[in-house]
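Written below as structure tokens is the structure these notes are about.
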Amino acid sequence: MAEYNPQAIEAKWQKRWEEARVFESEADPAKPKYYVLEMLPYPSGTLHMGHMRNYTIGDVVARVKRMRGFNVMHPMGWDAFGLPAENAAIKNNTHPRVWTNNNIVEFKRVLHLFGFSYDWRREISTCEPEYYRWNQWFFLRMLERGLAYRKKSRVNWCPKCATVLANEQVVNGGCWRHEDTPVEAKEIEQWFLKTTAYADQLLDDLQLLEGGWPERVITMQRNWIGKSHGAKVKFAVADVAGAEPIEVFTTRIDTVYGASALILAPNYPLVGKLLAGSPVEAEAQAKLAQIRQMSVKTADLAAAEKEGFFTGRYATNPFNGAQVPIWVGNFVLLEYGTGAIMAVPAHDQRDFEFASKYNLPKPIVVQPLAGEPLSAATQQEAYSEFGKSVNSGPYSGLETQAAIDKMAAEAEAKGFGRRETIFRLKDWGISRQRYWGTPIPVVYCAKDGLVPVPDAQLPVLLPANPKLTGMGESPLAATPEFVNTACPKCGGAARRETDTMDTFVDSSWYFYRYCDPQNDQAPYDSKKVGYWMPIDQYIGGITHAILHLLYSRFWCKVMRDLGLIQHSEPAARLFTQGMVLKGGTAMSKSKGNVVGAEEMARKFGCDTGRLYTLFAAPPEKDLEWSEQSIEGCARFLNRVFRLVDRHAGRLAGAPRAAADLATASEKERILLRKTHETLRRVTNDFETRWHFNSAIALIMELLNEIQAQEPLEEGVRPGVLQEALELVTLMLAPMVPHLAEELWEMLGHGNGLWTERWPDYNAELARAAEVEVAVQVNGRVRGRVRVAAGLGEEEVVARALEDAAIRGHVEGKRIVKRIVVPDKLVNLVVG
RNA sequence: GCCCGGGUGGCGGAAUGGCAGACGCUGAGGACUUAAAAUCCUCCGGGGAUUUUUCCUCAUGUGGGUUCGACUCCCACCCCGGGCACCA
């Protein structure tokens, strides 16, 4: 008797698959395609069970679709640029490339142990010039179209290291290397991509994703884009020479008669001019300095107390000519809207709090349509619902929507305002003052100014040997042979841009490159991409629900407008799988709770690991790692192996025979029925529900039933048993592919299971001859009767009434109503 | 504060308006064994009645509702997790 030896079996079949090039696929318009993709990993640390779960889900989908006859593309690659490589390099005095490549080799080795069905010929690594050159190419196209531009923007600056810090390098407001040094905000010129130019499309096209993407991801994106309809209104500044009018954005222009102040963001450009020569200049300057000192982190701002001060200046309300004081407030954001608001304390909670603290008036200009009217004397909180305008000059008496429309129209007609729709979404800042990323392909020439690097000179290569110290302006700026170049236009001395790109650029379009990874003439061939894209099923963590997916959607639309592709959305379906936890938290090196994938595979075999991650929880939920549960899975696979091993000799590859029921023995009928019923339900779990855990439970049940019929040598013909065992094997194949191949061979097949199609269940066999019908009286189960399947309503009720227990509940009462669910249940309602 | 998820035995979880707890884990008992491991068998939500066999009853976060029938649908509330958050 043979033993189940997972490691030997796994190595054997991985080799066969590779030799037969089973997972390689080419674009072929004659075949239906299926593109399944897992989010590409950042290669660092150990490959753990969290990764494995992600890839296992994708692999099951890929294998099911192959068995369904699709031309499946299932690629893998590396998100290889990024800060950790650079940090490691500084710390260990190695090169980021060496560190990264070592990690890739290691990751790849472990992935191979798992037999994932990747087409490795399509592998890409985003840190290779062959890849990042196309980041540069896209950047230049965006630059041509005005979608890439430079502006001053705030960064985290460590004065001690004299360097820019990434957000994750800011720890408790200090530098990660010495927390006692507070991080400063510094404005420097940075590159941006104009995601806002696509704000409306990014929002509207979400509807194309309804049904294919998780609802909550769509909601998160919608909130992130944050479209809001309103109006901008200009307030002229009184008594300050040369002061521009202050423009505010409001969604409630109908409350403008209730404005008791304008409030500017602390860094609003006009603030300096307003304060100069103001009657309260000295104290205002002091207060401003104090507010600017306050925490840099926006997260703290939300919790912080509202602070502000009066500038000593006034502006004129264009609707009624009223003079309203101009204040500065810490809760007003320069980045959103116009950086200035009109404060209407009676109808906005934030303004209400601010006005309460600083004793500003709170005039009521909207009254509820029903219920108790508001009164200034008793108002405890802002009333921000719609209602009816009051104390609003000619607009008094209008309901809110009408007032908004009319007042916006008036503002437009008189030229002091206009309707406007604004977005929370900001342009995408892609500049990083780092080495390990894609160089931004522009040069600065004293004569010609900013000059794009011509396509023919791409890629702009990273210098091979940078000085990485973590100090100073940026590693590229400190590398003269990189910085000093010739101007592409005039040939004179010029200076290269030394910023590199955010790594989200790399991951925004990598799945297009998979379609045509070797192309050295273009980022990809549009024909190939036209065949494979969009992604049919994208699988990854919820952590990327916003940024990665939003940037990918943006990139897609830009490429469409460049004429490279036809579609507008990169992924038709998205699945966000849960995390693998140990001790209640996600596995991470710092917590020391990592279960390494390799360690697991050596101990149990990768098929067992795959089965466990699929069985222990539904794929969208978090999964708590349990060594005991995985042993249960190992036990199950052992049982399957032994069952097939025990009978394979006798079956000797007997042709499958779904013997007709008329001549079948009792055992055979049970086997055939259970097998086909299981196949029916497993097919449904795979195709429409993604309930891998219950599919496995069903197969376990089937196995229990088969074993309950032992000895199978008696009363079961080889063909019938062959049928049952083959279907078990085929059902398991997408989940535990190595074991399934081995079983397939043991069952007498020389062809390799990978050539097999997913089997169809036989409805005739799946149907039971006899069924047990639950009998309820007034909705409570009081008995069960066995009847022939498909028995008519009258007969079933008659049979139910023959049951003594049922009669006991019904006797002496009148049956008012009866409900019959065929083959399942009878409910007798008695009065 | 707003927006999503979720709440079922000792545990992971199953049940697409129709027998709640499938399947697995843990635990208990038994078989095999000199013994152990492995394997196999039986039992395993609470309370009550019945010595048996079985029956009744409560139970899917809480309280209502719809329905012949609710873990499932509706309303209100509680708790847990996540996302966003002075967004004007």
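Heads up: the first sequence runs through residues 798 to 1628, numbered per this note's numbering. For glycine and all other residues, C-beta sits at the position ideal for the given N, C-alpha and C. This one's a predicted model, so the numbers in the text were calculated from it and none came from an experiment.
Proximity to residue i [Cα-Cα], best of the options
i: residue 771; options: 1117, 1122, 1597; result: This structure cannot speak to residue 771, because the chain is shown only from 798 to 1628.
i: residue 1064; options: 1133, 1022, 1002; result: 1133
i: residue 1019; options: 1141, 1344, 1604; result: 1344
i: residue 1377; options: 807, 823, 819, 851; result: 851
i: residue 1370; options: 818, 835, 1523; result: 835
i: residue 1276; options: 1291, 1289, 1260; result: 1260
i: residue 1336; options: 907, 1279, 1373, 1173; result: 1373
i: residue 1069; options: 1056, 996, 1083, 1400; result: 1083
i: residue 1595; options: 1624, 1395, 1609, 1576; result: 1624
Beta-carbon separation (whole angstroms), residue i vs residue j, contact threshold 8 angstroms
i: residue 1185; j: residue 1196; result: 5 angstroms
i: residue 1509; j: residue 1525; result: The Cβ separation is near 13 angstroms, so there is no contact.
i: residue 1317; j: residue 927; result: 7 angstroms
i: residue 838; j: residue 848; result: 6 angstroms
i: residue 1206; j: residue 1050; result: Contact flag wrong, Cβ pair sits at about 10 angstroms.
i: residue 833; j: residue 1333; result: 6 angstroms
i: residue 1572; j: residue 1597; result: 4 angstroms
Rounded separation between residue i and residue j - CA only
i: residue 1116; j: residue 1135; result: 19 angstroms
i: residue 1440; j: residue 897; result: 46 angstroms
i: residue 1243; j: residue 987; result: 19 angstroms
i: residue 1180; j: residue 1144; result: 5 angstroms
i: residue 1416; j: residue 855; result: 11 angstroms
i: residue 1048; j: residue 1427; result: 56 angstroms
i: residue 783; j: residue 1250; result: With the chain running from 798 to 1628 in the structure shown, residue 783 is simply not present.
i: residue 1061; j: residue 1295; result: 35 angstroms
i: residue 1422; j: residue 843; result: 17 angstroms
i: residue 1605; j: residue 1462; result: 38 angstroms
i: residue 915; j: residue 822; result: 10 angstroms
i: residue 901; j: residue 1518; result: 46 angstroms
i: residue 1392; j: residue 1380; result: 11 angstroms
i: residue 1451; j: residue 860; result: 26 angstroms
i: residue 1248; j: residue 1085; result: 40 angstroms
i: residue 1292; j: residue 1269; result: 18 angstroms
i: residue 1309; j: residue 1322; result: 9 angstroms
i: residue 1375; j: residue 1593; result: 46 angstroms
Under the three-state DSSP convention, the category residue i falls into
i: residue 1532; result: coil
i: residue 1246; result: strand
i: residue 988; result: strand
i: residue 1376; result: coil
i: residue 1086; result: helix
i: residue 960; result: strand
i: residue 1593; result: helix
i: residue 1093; result: Low confidence applies here, because residue 1093 scores a pLDDT of 49, under 50, leaving its location unreliable and the question unanswered by this model.
i: residue 1114; result: coil
i: residue 1055; result: helix
i: residue 1341; result: helix
i: residue 1106; result: strand
i: residue 1632; result: Any question about residue 1632 goes unanswered here, given that the chain covers just 798 to 1628.
i: residue 1502; result: helix
i: residue 1509; result: coil
i: residue 1226; result: strand
i: residue 1406; result: helix
i: residue 1268; result: coil
i: residue 1215; result: strand
Limits of the unbroken alpha helix (DSSP H) element including residue i
i: residue 998; result: 996 to 1001
i: residue 807; result: 803 to 817
i: residue 1479; result: 1463 to 1481
i: residue 914; result: Unbroken run through residue 914: none, as it is neither H nor E.
i: residue 852; result: 846 to 864
i: residue 1318; result: Run containing residue 1318: none; DSSP gives neither H nor E here.
i: residue 870; result: That residue, residue 870, is in no alpha helix (DSSP H); its beta strand (DSSP E) goes 868 to 870.
Terminal residues of the beta strand (DSSP E) in which residue i lies
i: residue 1124; result: 1120 to 1126
i: residue 977; result: 975 to 979
i: residue 1032; result: 1024 to 1034
i: residue 830; result: 830 to 835
i: residue 1558; result: No beta strand (DSSP E) contains residue 1558, which DSSP labels as neither H nor E.
Residue i Cβ short of 7 angstroms to the ligand MG heavy atom set
i: residue 1245; result: For the structure depicted, the ligand MG is absent and the ligand set is empty, with no information on it obtainable.
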